[in-house]
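Protein chains in written order, with the numbering used here: chain G, 13 to 239; chain F, 13 to 239.
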């Protein structure tokens, strides 16, 4: 293909060692709630993580994300309190026989993590009509989630744990962060160095839920009639 | 921290070479539309990519994804035709002065790519109440987007290009794939080996939109009053 205005360069597969490193990040990444060390995050390291997030794919190259880097103790405490209110509600939604286990699982590290990062999605970024978002307005949210995953993998390689906290009443999260209406909070991430990680997902280790068999999740050509 | 039922293991930062490999995957990954080679994807390679996706984080470990692996020519042709119908509509949504450039940019490789992969989100996976999804039902969609990003990075390391196609009328995409109502198509990905990749995002190379300055996207503690 000719390239009128951009440069194409050879794109070979990575070496086996490089591929192994990537797969190791993917396979050993864990959602962290309890293993955060109090050591501060070096600003240059944090910048590398944010730059990794910023290199996520985005529909129409709209780059809808912002990064709210929270180090203020009061904001963290407000988030912690908002989580606690929502989590009390959440626990009551489960069948009675699961509530004790639910209550025993730590689901956030908002005040222990040296940095809390909220990645947001600005639905107005790139103007009223965005290439690739014309038929599915949620694609900007998907792009923002991809940014969170880039960051999680870079963090694993840097020895930094990431814990994604989802249990908030959205109105409270918006009020604490003063988010305008056109901005959606997508990922609230606790970040901090870790010396240890679970060797399997913590929810599996704790008996909450197990990894599904990949082969059961793969279909050929179309959704099967019997599924 | 004690670990009653799961194993904790030391979690050091990766070596510099390993970190470099991960950042290289993140920085050189491109959305591919035109560079696909016709070579088939080895089933073992495709399986590694799907396994990478399956190791994405998911809210409550619900693993809401399925992987519809499309190799049938007719299904690909149906997707290509559905894209064309939607893309004609999309072009008309842009201001007149951008339509020629829009029309000149190839936005899919559905029939050239040896595999088209649709990653879906099953909103019923894990039951009626899912840990961490109690207050934000969209978290399962975010998990599914994270799976797509894991796959995109693994693909880059394997020398496989990925092109995410978003321009479909959702009802047509659902009909072609026979998706039930409780399943949302999140990512339609063209996959194939590539010998060359753009050195910058193609939309930037083509003058559509440029990368934003990271520092402008970072806020401290809260959304700023003036933003």
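Think of the CB as a built atom: it goes at the ideal place given N, C-alpha and C, for glycine as much as any other residue.
Partner residues on chain F for residue i, Cβ-Cβ distance less than 8 Å
i	result
residue 198 of chain G	154
residue 72 of chain G	215, 220, 221
residue 69 of chain G	41, 43, 161, 164, 176
residue 189 of chain G	234, 235
Beta-carbon proximity of residue i to residue j, cut-off 8 Å
i	j	result
residue 155 of chain G	residue 70 of chain G	yes
residue 198 of chain G	residue 133 of chain G	yes
residue 20 of chain F	residue 35 of chain G	no
residue 165 of chain F	residue 37 of chain F	yes
residue 131 of chain F	residue 79 of chain F	yes
residue 160 of chain F	residue 206 of chain G	no
residue 175 of chain G	residue 121 of chain G	yes
residue 53 of chain F	residue 126 of chain F	yes
residue 81 of chain G	residue 129 of chain G	yes
residue 204 of chain G	residue 172 of chain G	yes
residue 113 of chain F	residue 99 of chain F	no
residue 181 of chain F	residue 147 of chain G	yes
residue 94 of chain F	residue 185 of chain F	yes
residue 153 of chain G	residue 196 of chain G	yes
residue 106 of chain F	residue 44 of chain G	no
residue 167 of chain F	residue 62 of chain F	no
residue 212 of chain F	residue 115 of chain G	no
residue 92 of chain G	residue 123 of chain G	yes
residue 187 of chain F	residue 33 of chain G	no
residue 77 of chain G	residue 65 of chain G	yes
Per-residue contacts from residue i into chain G (C-beta, under 8 Å)
i	result
residue 171 of chain F	23, 24, 25, 26
residue 279 of chain F	No statement about residue 279 of chain F is possible, as the shown extent of chain F runs from 13 to 239 and does not include it.
Buried versus exposed, by CB contacts within 10 Å (16 or more), residue i
i	result
residue 13 of chain G	With a pLDDT of only 41 at residue 13 of chain G, under 50, the local geometry of the prediction cannot be trusted, and no value is derived from it.
residue 90 of chain G	buried
residue 73 of chain G	buried
residue 170 of chain F	buried
residue 27 of chain F	exposed
residue 138 of chain F	buried
residue 86 of chain G	exposed
residue 151 of chain F	buried
residue 223 of chain F	exposed
residue 47 of chain G	buried
residue 67 of chain F	buried
residue 236 of chain F	exposed
residue 31 of chain G	buried
residue 225 of chain F	exposed
residue 232 of chain G	exposed
residue 149 of chain G	exposed
residue 55 of chain G	exposed
residue 208 of chain F	buried
residue 97 of chain G	exposed
Chain-ordered chain F contacts of residue i [CB-CB under 9 Å]
i	result
residue 248 of chain G	No information on residue 248 of chain G is available, as it lies outside the stretch 13 to 239 that chain G covers here.
residue 75 of chain G	221, 223, 224, 229
residue 211 of chain G	18, 19, 20, 21
residue 150 of chain G	150, 153, 196, 198
residue 30 of chain G	29, 30, 32, 33, 34, 36, 37, 169
Contact set between residue i and chain G, taken where Cβ atoms lie within less than 7 Å
i	result
residue 141 of chain F	105, 106
Under 9 Å from the C-beta of residue i: neighbouring residues of chain G
i	result
residue 63 of chain F	35, 38, 39, 226
residue 80 of chain F	230, 231, 232, 233, 234, 235
residue 66 of chain F	223, 224, 226, 229
residue 204 of chain F	Result: empty, since nearest Cβ-Cβ is about 12 Å, beyond 9 Å.
Per-residue contacts from residue i into chain F (C-beta, under 7 Å)
i	result
residue 157 of chain G	154, 157, 158
Any chain B beta carbon closer than 8 Å to residue i
i	result
residue 109 of chain F	The chain labelled as chain B is not found among the protein chains of the depicted structure, namely G and F.
- Message: Which residues of the segment 85-106 of chain F have a Cβ closer than 8 Å to any Cβ of chain G? Give them in chain order.
- Response: 87, 98, 101, 102, 105, 106
- Item | Every unbroken beta strand (DSSP E) inside the segment 41-121 of chain G [3 residues or more] | 77-82
- Message: My parser needs the beta strand (DSSP E) runs of 3 or more residues fully inside the segment 174-224 of chain F; what are they?
- Response: 195-205, 208-210
- Jot down the residue ranges of each uninterrupted alpha helix (DSSP H) in the segment 121-173 of chain F, minimum 4 residues, whole runs only, in chain order. 151-170
- Within 8 Å of chain G by C-beta, residues of the segment 109-128 of chain F in sequence order: 114, 117, 119
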